[in-house]
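Trainee: Got a structure for you, written out below as structure tokens; questions coming shortly.
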Amino acid sequence: MRISRLLAPVAVAGALVLTGCGGPAPQTADPKANTAATAAPSRTATPTPTPSASTPPSMPDLTGRTAQASREALAALSVSVTRITITALHTDVVLPEAHDTWYVCNTIPKAGDPLPSTTGVTLNLAAKQADCAVSHHGYLDEKNDPAYTPPPAPTTEAPAPEPAPTTGGGSGGSGSMTTCPDGKSGYACTSNGHPVVDGQFCPNADRGRTARATNGTTVTCSYDPSIKPYRWQ
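In structure tokens:
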């Protein structure tokens, strides 16, 4: 049987295909490669960290500053005046309306404590810086403290009354310094107006009387049985 010259190339190609010489065989996928690809973990994206809230500022140290300067320092930290309470430190002190020059004794919160935006601030003031260190149970004047007890009043003895001066007709005491009618002075006088002299007779009216004599001794007008009448002795 003759093959037409036009069909010869087609026949040859078909023969080659049937005999396996028509080209490389198709490749089969490697099962190990598929297994390895399946076992490989898939990468997940690292989450972006959430930014933390900003740290609140700290309470500044306002001790010793004026009320006006303290308000300005707090305003720099965005603390509005509606969050600030100003009071007198002492219970018995009334805070005047004009207190810008008063001094801060202490604060709430304390210096260095956190100062969140929701926290109120209290400034306790005194008119003088020295008054910040004074407290009688919260009172500036200790007499205003209900627990105050006044000290006992000092006891003083009344001075002894000075002896009344002896006149010429009176009865002079031992310390009398009088002038007698006869011109002699410095000592007691007798009832008849003469100086009292130690050892001298004394009038009956001076019987039992004790007085200071001219020689500085104290004598008594008494009766001496051996000599009449009475004598200063």
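Under the working numbering, read the sequence shown as residues -16 to 216, first letter to last. Just so it is clear, CB atoms sit at the ideal spot from N, CA and C, and this is done for glycine as well.
1. Taking only three categories from DSSP, how would you classify leucine 57?
2. Considering tyrosine 131, what are the terminal residues of the beta strand (DSSP E) in which it resides?
3. Per DSSP, leucine 106 is paired with what?
4. Apart from the five residues just before and just after leucine 72, which ones in its own chain have a Cβ nearer than 7 Å to its Cβ?
5. Would the beta-carbon of methionine 42 fall within 8 Å of that of glycine 95?
6. Using the C-alpha atoms, what's the distance from histidine 119 back to alanine 130?
7. Determine the extent of the beta strand (DSSP E) in which alanine 194 is found, giving its start and end residues.
8. Here's a check: name, in chain order, each residue in its chain whose Cβ is nearer than 7 Å to the Cβ of valine 117, leaving out the five neighbours to either side.
9. Helix, strand or coil, according to DSSP, for valine 77 in the structure here?
10. Could you pull out every residue in the same chain whose Cβ sits closer than 6 Å to the Cβ of alanine 203, ignoring the five residues on either side in sequence?
11. In or out: alanine 58 buried (at least 16 other Cβ within 10 Å) or exposed?
12. Count the other C-beta atoms from every protein chain shown that fall within 10 angstroms of the C-beta of aspartate 83, then say buried if there are 16 or more, exposed otherwise.
13. On the DSSP bridge list, what partners appear for serine 205?
14. With C-beta atoms as the reference, is tyrosine 170 less than 8 Å away from arginine 190?
15. Can you give the Cα-Cα distance for threonine 149 and serine 174, rounded to whole angstroms?
16. Suppose the cutoff is 8 Å on Cβ atoms and the five residues either side in sequence are ignored; what does the same chain contact list for threonine 201 look like?
17. Could you tell me the alpha carbon to alpha carbon distance between glutamine 183 and arginine 214, rounded to whole angstroms?
18. Whole-angstrom Cβ separation of threonine 68 and leucine 78, contact assumed at under 8 Å?
19. Please determine, among Arg48, Thr74, Val62 and Ser37, the residue with the shortest C-alpha to C-alpha distance to tryptophan 85.
20. If we ignore side chains and look at the alpha-carbon of each, how far apart do glycine 199 and glutamate 125 end up?
Mentor: For this structure:
1. helix
2. Tyrosine 131 -> no beta strand (DSSP E), and no H or E assigned at all.
3. Ile69 and Thr90
4. Cys88, Asn107, Leu108, Ala109 and Cys115
5. Yes, these two residues count as a Cβ contact at 8 Å.
6. 9 Å
7. Segment 193 to 195, the beta strand (DSSP E) holding alanine 194.
8. Leu123
9. Of the three classes helix, strand and coil, the one that applies to valine 77 here is coil, per DSSP.
10. The residue asked about is misnamed: residue 203 is threonine in this sequence, not alanine. Contacts found: Thr193.
11. exposed
12. exposed
13. Arg214
14. Against a cut-off of 8 Å, the Cβ pair of arginine 190 and tyrosine 170 comes out as no contact.
15. Residue confidence for threonine 149 is low, a pLDDT of 44 falling below 50, so the modelled location carries little weight and cannot support an answer.
16. Ser157, Thr193, Ala194 and Arg195
17. Roughly 6 Å between the two C-alpha positions.
18. Not a contact, Cβ separation roughly 11 Å.
19. Ranking Arg48, Thr74, Val62 and Ser37 by Cα distance to tryptophan 85 puts Arg48 first.
20. 57 Å
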